[in-house]
Each structure stands twice: as structure tokens, then as C-alpha cells.
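Undergrad:
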Amino acid sequence: MYSSKLFALCLKYSSNKQDAEDILQDSFIIIFDKIHQFRKDGSFEGWLKRITINTALQKYREKSPLQLIKSKRVFQEEKEETTFPYDITRVDLDMLLILIQQLPDRYRLVFNLYVLDNYSHKEIAEMLSISEGTSKSNLSRARTILKEKIMNHQKKQEKA
Amino acid sequence: MMNQKDIDRLFQEGLRDFEASPSPDVWQQIEHRLTHKKKKRIIPFFWWSSAAVILIVGLLFINPKEGNNDNVPNITFPIVTDSSESEDKNENTNNKVEVVVHKELKKEKNYIASSKKETITTKKIAQFFNQESISSTSPKKLIKRTIHQFKTTEFLSSKIIGNEKKPLSKTSLISFLEKENIEKKEPVNKKWAIQPSLAYTKSNSLSNESSPVSDMFSSNVSGQSSVAYGVKIKHSINEKLAIQTGVHSQKLNFNTDVNLYTNTIVSNNLSNISFDNDAEFYYTGSGTAGELVEPIGPSGSIVDDNASLEQIIGYIEIPVELSYKIFSSKKINTHIVGGFSSLFLNKNQVNLKSNIVEESQIGKTNNLKSVNFSGNIGLDVTLSITKDWNLSINPMLKAQLNTFSNNTQFTPYFLAVYTGVSYSF
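First to last, the sequence lines map onto chains A and B. Residues 385 to 544, numbered by this note's numbering, are exactly what the first sequence covers, in order. Residues 2 to 426, numbered by this note's numbering, are exactly what the second sequence covers, in order.
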């Protein structure tokens, strides 16, 4: 079901359900519009996904970068040292989604594009109008944040 | 400790099959936006705008926004496939709208094809999902059914691409989409091109048996190379076909090997050449290699057996050709070109090339027709430099049909490579 996959995509790229719904709507309008530009020999699902991703990037591009700095500060406050071992099976899907959505916009976009949708840093740099180096460092920060949060979550579960 | 690969994998595997549904009113909003968008983007035909207005008013009439569910048919989108029930309910109350739609649809058989701008129209949505009959369906129902289908069925992408309508160069809010692999066809709004061109040409003949200087000659004739210049104007009829014309200079150039003899008697023994002043030489053909040639007339000494008579025949050429695109890529296009040219004689010279005399014009060819035609065929390879400028390399074969008025043996043709830079507008 294309709509479910596309909405899932929107959720991953957004910070909340409302934004995801807006992105889904915008993408649909564009898809209807551009349907006959689609080449027969490409993957239809791939084309739908690409439009949806571009819509999502557009939405967050328009937001003020000030938001990013603010979230960064929050992250630094939460940092904790921990050596608890993690257990992959104990992090469920809902949690993964929430963790991604909690990332600051830029880090979330880069993480999605690189890790979940397999774009290269070169492509990401072009799509977000940043340098490749920025893309790499954003990805690395995103991973660090996610790692910390997962380990915190595990720690809390251990204690419970 | 988790390393970065583990994190990546954790998220990749965890979210790989993730699917979700949005709140139901999202579909409603999409439908709303589609119908509103349709209204905004109607092409400026008067009756078309009024049709849209009637349509939307009709829809609003059927679906008041107060949310009174007793009187208003259920318009939310069920996610399961039993929407047929609610559609039937709509049937009765939507009569007014249906009638309106009927009328409008009847007015215009194929308003998709005639509209220059992209519009989300009822018919297009129907085509989108291969619906056969749309005349009995209100656009609102159709949109609803469309979106419903979109949610519950798989597309076969081949079904969607059926029309040959050219996509438009719209400005899109999202500029990336232009960069996508979605085929961006070359906008064919640049229909004209003008191209000054320069050519390297080589004259030749289909039969080397006879010579242009005299019917009775048996001699070596060789075609010479030359330069042509001109201007080409091209008009694109559609994406593949173009018609082109222009003005070029064209020069045929043949050297006929002759033996020069002196003679006290002034004679003119070449039937097709008129000499400018009394020549002191007379000429015989040099014949094929090894053959002894008997001089015509009183014997004299050979003055030069390596001389040649050079015939220069110049034309103003006006070609009319068709160009058909056979290969196409981002930067390079290849066309096959064919057509005819009208040739108007504007230069006629006969020069003597010899070691013993200075090269000079000594006369002209007298059996040339002043209007001539050639059949042309060739290839045109264009490289795109920028959006408007192209570099063109165009080898052509041009066979002349009507050069000489009496000499039918000698049939000149013309190989040329035209090069030029063209500007499209």
C-alpha cells in the first residue's frame, strides 16, 4: 500500500505527526500534478518516495536555523556517561521513531537520507545546500545523540 | 559499546517495514485542495471558468461544512473496501451536480488535449486510474474513489503512462523535482534556429570517363576541394522533425589534365570552353596512363604535359531540407537530413594551370545551365553548448541533377562537411 509506506516516510522525516500529515498532503498534490512526467522505465515507488522526500526537505528548509542551535544546547545538557550494554531487541519500533523525531531538524534529515534512504554525502550536500563535510558531521552528531538516548533508555529499563 | 554501524543497523532494520496511516481527515483535505486547485488553475476560457464555478458551487451545495450528518451524505473515506454503499447513497442526492457535470463534459469532448496548462481535471483523474465511464460520475465522487483506490491498490506504473501529452515546463515550488530522473523533455518552445556555417567541400563526379571540358576528351578529371559558407535557418515542427533552409555559396571545382601544344594556328578545339582571347595553345586530353595520345590538328611540340584546365563553377544554393532526429542524448543529437537545393549559377571560370604560364583565367564553361538542382542527403550531429547555442557538424552529399546542358555523361556531385554554431529562439 503506497500510501502507508509514504506516510511512514513522512513520519520519519518529520518531528511530529502534524508535520508528517502536511508533507503527505503536499506530496500527493504534486504527485497528481506530475503523474504524466513519470518515465515508464523507472521505479514508480522510487519516484513517489523521491517526491515525498523532496517535499519534506522543502518544509524544513524554510524553517529558521535558530531552532537547530536551541536543540543542540538541550542535547548537551542530557549527555551522560554510561557503560551499560545495550540490547537491540529491547528497542521497539515506536521508540525508534520517537528518537528520530526528537532529533534536531537538520540531523534528522541527514540521518534519514544517509542511513535509511541511502543517499551519499555528496547527494545530501546538494539537496540540503550544505557542504559534504557538514553532512558528515551532522550524521555523526545524529548518531551520537541517538546512541546516548538509547543507552539512557536501556538504563531506565534495567532499573525498572 | 555501540558503534556507528550498530546504530545504523538498528534503525534500518527496525524501521524497514514501517508503515502507518494518517488521520482520515487528511484524505478529505487532499480532496479539498485538489478541487480548489482545479478552480485556480483553469485556463482562461470563459466558458471553462464558468463550468468550474458551477461545479464547485454544486459541490459546496451538496457538502455544507456545518457537519450536519443527518442531511449530508457520508463523505469521509473508509479505509476498507466497502465504500460502494455510501457511493450509492450519494447517487440520489448528487443528481444536481451530476447533471451539471454532464452538461459541461458534453460541451468539450477532449478538454485535456486542448488545454495548454496542466489542470487536475475530472477526466484526467479518470484517465489516471483507467476509468472508462466518467459521465455518470460526479468529480467529487471520482476524486474520492481515486484517493480510495490509491490507498488500497497497487499501481501498475505502465497503466499510468498512456498519453502522449507533452509535459510542461512549469515552475515548481520544489526545484529538485526538475533534477530528478523524471524525464524532462526538451522544451520544444525553441522552434527556430539560425546558424551561420562554413563548409569544407569536395567536388566529384559519378563517372570519370568523360570530361567536362569536351565531349571527346578522354582525360583525367579530378574534383578539387573548396570552401563554402552560408546561413542556415531551421524550424522545428515537432520534437523529432525540423525543416531547414538557408543560403549558401557552393563551388564545384574540376581539374582536367591536358597537354598543351603550341601552334601558330590559333584554334579552339574544346567544344565546351569559350576562350576569352585568342589562345596560343591548343589542348589535348592527357589520356589514361601509358597511352599515347595523338595530337589533334597540325603537329607541334608538347609544351607542357602536366597542365590542367581548372573549371570553377559557383552557385548560390538555396536548400530546402527536412531533418529527422534519430539519436538523442543530453548533449548530443543526431539527425538525418534530406532534401533538395536550387542552385543559381553565379561564377563560371576556366583557369589554366601550368608550369609554363602563370595561372590565369582563360575563359569560361559554355554549357552550364544557369539554374540547377541537387538532391541532398546527409547527417547532422549537434552538440549542445548552452541552452540556446549548439555546435553542428553536418556532412552532406549533394548530387547535382542538371549541371550541363549537353554533356550528360559527366555528373558532378558534391561532398561537404558543414560546421556551424546555431542559436535557437
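Positions of the beta carbon are idealized from the N, C-alpha and C atoms, including for glycine.
#1: In this structure, does DSSP put B/Lys-233 in helix, strand or coil?
#2: Identify whether B/Glu-119 lies in helix, strand or coil by the three-state DSSP scheme.
#3: Use the C-beta contact count for B/Leu-193: other C-beta atoms within 10 angstroms, 16 or more gives buried, fewer gives exposed.
#4: Pick out whichever of B/Asn-347, B/Tyr-424, B/Lys-241 has its Cα sitting closest to the Cα of B/Lys-233.
#5: If you drop the 5 nearest sequence neighbours on each side, which residues of the same chain put their C-beta closer than 6 Å to that of A/Phe-391?
#6: With H, G and I counted as helix, E and B as strand and the rest as coil, what does DSSP make of B/Thr-289?
#7: Strictly under 7 Å for the Cβ-Cβ distance: is A/Leu-390 near chain B by that measure?
#8: Could you please give the first and the last residue of the uninterrupted beta strand (DSSP E) stretch that includes B/Lys-1?
#9: Against chain A, does B/Glu-20 count as a neighbour if the rule is that its beta carbon must be under 7 Å from one of theirs?
#10: Check whether the segment 385-394 of chain B touches the segment 337-355 of chain B, taking contact to mean three or more Cβ pairs, one atom from each stretch, closer than 8 Å.
#11: Between B/Pro-23 and chain A, is there a C-beta pair that is closer than 7 Å?
#12: Which ranges does the alpha helix (DSSP H) cover as unbroken runs of at least 4 residues, wholly within the segment 396-450 of chain A, from first to last along the chain?
#13: Here's a check: name, in chain order, each residue in its chain whose Cβ is nearer than 6 Å to the Cβ of B/Ile-317, leaving out the five neighbours to either side.
#14: How should A/Glu-462 be labelled, buried or exposed, when 16 other C-beta atoms within 10 angstroms of its C-beta is the threshold for buried?
#15: How about B/Thr-420 and B/Pro-413: do their beta carbons lie closer than 7 Å?
#16: Does DSSP put B/Asp-381 in a helix, a strand or coil?
#17: Quick one: using the 10 Å Cβ neighbour count with 16 as the cut-off for buried, is B/Glu-32 buried or exposed?
#18: Would you kindly check if the distance between the Cβ of B/Gln-312 and the Cβ of B/Val-248 is under 7 Å?
#19: Are any of the Cβ atoms in chain A nearer than 7 Å to that of B/Asp-9?
#20: Taking Cβ positions only, does A/Gln-538 come closer than 7 Å to chain C?
#21: Using three-state DSSP, classify B/Thr-404 as helix, strand or coil.
#22: Check whether the segment 360-374 of chain B and the segment 322-335 of chain B are in contact - that is, three or more C-beta pairs closer than 8 Å.
#23: Rank B/Asn-254, B/Ser-227, B/Val-382 by C-alpha distance to the C-alpha of B/Lys-365 and give the top, closest one.
#24: Excluding sequence positions up to five away, which residues of its chain have a Cβ less than 7 Å from the Cβ of B/Glu-360?
#25: Can you tell which of A/Ser-388, A/Leu-480, A/Glu-510 has its C-alpha closest to the C-alpha of A/His-537?
#26: By the criterion of Cβ-Cβ separation under 7 Å, what are the contact partners of A/Leu-493 in chain B?
#27: In this structure, how does DSSP classify B/Asn-349 when only helix, strand and coil are distinguished?
#28: Find the residues of chain B that neighbour A/Arg-527, judging by a C-beta separation of less than 8 Å, and give them in chain order.
#29: Would a check of beta-carbon distances place A/Gln-409 closer than 7 Å to chain B?
#30: Counting contacts by CB-CB distance shorter than 7 Å, is A/Glu-507 in contact with chain B?
#31: Taking 7 Å as the CB-CB cut-off, is A/Glu-542 touching chain B?
#32: For the alpha helix (DSSP H) that contains B/Lys-191, what are its first and last residues?
#33: List, in order along the chain, the chain A residues whose C-beta lies closer than 7 Å to that of B/Val-27?
#34: Determine, using beta carbons only, whether B/Phe-1 comes closer than 7 Å to chain A.
#35: By the three-class DSSP mapping on this structure, what secondary structure does B/Asp-258 have?
#36: Is A/Tyr-503 helix, strand or coil when you go by DSSP?
TA: Working from what's here:
#1: Position 232 of the second sequence, counted from the start, is the residue given in the question as residue 233 of chain B. Correct three-state label for B/Lys-233: strand.
#2: Within the second sequence, the letter at position 118 stands for residue 119 of chain B. Caution applies to B/Glu-119, whose pLDDT of 39 falls short of 50 and renders its modelled position unreliable; the value that the coordinates give is listed next. Correct three-state label for B/Glu-119: coil.
#3: Position 192 of the second sequence, counted from the first residue, corresponds to residue 193 of chain B. The question names Leu, yet the displayed sequence has Trp at residue 193 of chain B. Burial call: exposed.
#4: Along the second sequence, read from residue 1 onward, the residue named residue 233 of chain B stands at position 232. Minimum Cα distance to B/Lys-233 is reached at B/Tyr-424.
#5: As a first step, residue 391 of chain A is located in the first sequence; it is residue number 7 there, counting from the start. Closer than 6 Å at the Cβ level, and outside the excluded window around A/Phe-391, lie Leu-408.
#6: In the second sequence, counting from the first residue as 1, residue 289 of chain B sits at position 288. With a pLDDT of only 48 at B/Thr-289, under 50, the local geometry of the prediction cannot be trusted, and the value read off the model is given with reservation. The answer is coil: DSSP assigns B/Thr-289 none of H, G, I, E or B.
#7: Working through the first sequence from its first residue, we reach residue 390 of chain A at position 6. Not an interface residue.
#8: What is shown of chain B runs 2 to 426, which leaves residue 1 of chain B out entirely.
#9: Along the second sequence, read from residue 1 onward, the residue named residue 20 of chain B stands at position 19. Chain A contact via Cβ: present.
#10: no
#11: Locating residue 23 of chain B in the second sequence gives position 22, counting from the first residue. Taking Cβ atoms only, chain A reaches closer than 7 Å to B/Pro-23, which makes this a yes.
#12: 401-418, 428-445
#13: As a working mapping, residue 317 of chain B is identified with position 316 in the second sequence. Closer than 6 Å at the Cβ level, and outside the excluded window around B/Ile-317, lie Phe-345, Asn-347.
#14: In the first sequence, residue 462 of chain A corresponds to position 78, counting from 1. Bear in mind that a pLDDT of 39 at A/Glu-462, under 50, signals an unreliable position, so the number given afterwards is only what the model happens to contain. Per the 10 Å Cβ criterion, exposed.
#15: Here residue 420 of chain B is taken as the residue at index 419 of the second sequence, counted from 1. Here residue 413 of chain B is taken as the residue at index 412 of the second sequence, counted from 1. No, Cβ-Cβ distance for B/Thr-420 and B/Pro-413 is not below 7 Å.
#16: Position 380 of the second sequence, counted from the start, is the residue given in the question as residue 381 of chain B. B/Asp-381: strand per DSSP, three-state reduction.
#17: As a position in the second sequence, residue 32 of chain B is number 31, starting the count at 1. Burial call: buried.
#18: As a first step, residue 248 of chain B must be located in the second sequence, where it is residue number 247. As a first step, residue 312 of chain B must be located in the second sequence, where it is residue number 311. No, these two residues do not count as a Cβ contact at 7 Å.
#19: Counted from its first residue, the second sequence places residue 9 of chain B at position 8. Yes, B/Asp-9 counts as interfacial toward chain A.
#20: Judged by its chain identifiers, the structure shown contains no chain C, and its protein chains are A and B.
#21: Mapped onto the second sequence, residue 404 of chain B falls at position 403. Residue state, collapsed to three classes: coil.
#22: no
#23: Residue mapping note: residue 365 of chain B aligns to position 364 of the second sequence, counting from 1. Among B/Asn-254, B/Ser-227, B/Val-382, the Cα nearest to that of B/Lys-365 is on B/Asn-254.
#24: Reading the second sequence from its first residue, position 359 is the one you call residue 360 of chain B. For B/Glu-360, where only same-chain residues beyond five positions count, the Cβ hits under 7 Å are Asn-352, Leu-353, Lys-354.
#25: The sequence position of residue 537 of chain A within the first sequence is 153, counting from 1. Among A/Ser-388, A/Leu-480, A/Glu-510, the Cα nearest to that of A/His-537 belongs to A/Leu-480.
#26: Position 109 of the first sequence, counted from the first residue, corresponds to residue 493 of chain A. Here the premise fails: no neighbours, minimum Cβ distance about 13 Å.
#27: Within the second sequence, numbered from 1, the residue matching residue 349 of chain B stands at position 348. Correct three-state label for B/Asn-349: strand.
#28: Numbered from 1 along the first sequence, position 143 holds the residue referred to as residue 527 of chain A. Going along chain B in sequence order, the residues near A/Arg-527 (Cβ under 8 Å) are Gln-5, Ile-8, Asp-9.
#29: Here residue 409 of chain A refers to the residue found at position 25 when the first sequence is read from its first residue. Yes - at least one Cβ of chain B is within 7 Å of the one on A/Gln-409.
#30: Residue 507 of chain A sits at position 123 when you count from the first residue of the first sequence. Cβ-Cβ to chain B under 7 Å: no for A/Glu-507.
#31: Position 158 of the first sequence, counted from the start, is the residue given in the question as residue 542 of chain A. No, no contact with chain B.
#32: Here the question's residue 191 of chain B lines up with position 190 in the second sequence. Run containing B/Lys-191: none; DSSP gives neither H nor E here.
#33: The sequence position of residue 27 of chain B within the second sequence is 26, counting from 1. Under the 7 Å cutoff, chain A gives Glu-405, Leu-408, Gln-409.
#34: There is simply no residue 1 of chain B to check, as chain B begins at 2 and stops at 426 in what is shown.
#35: For the purposes of this step, residue 258 of chain B is identified with residue 257 of the second sequence, where counting begins at 1. Here B/Asp-258 sits in strand by DSSP.
#36: Working through the first sequence from its first residue, we reach residue 503 of chain A at position 119. Reduced to three states, the DSSP call for A/Tyr-503 is coil.
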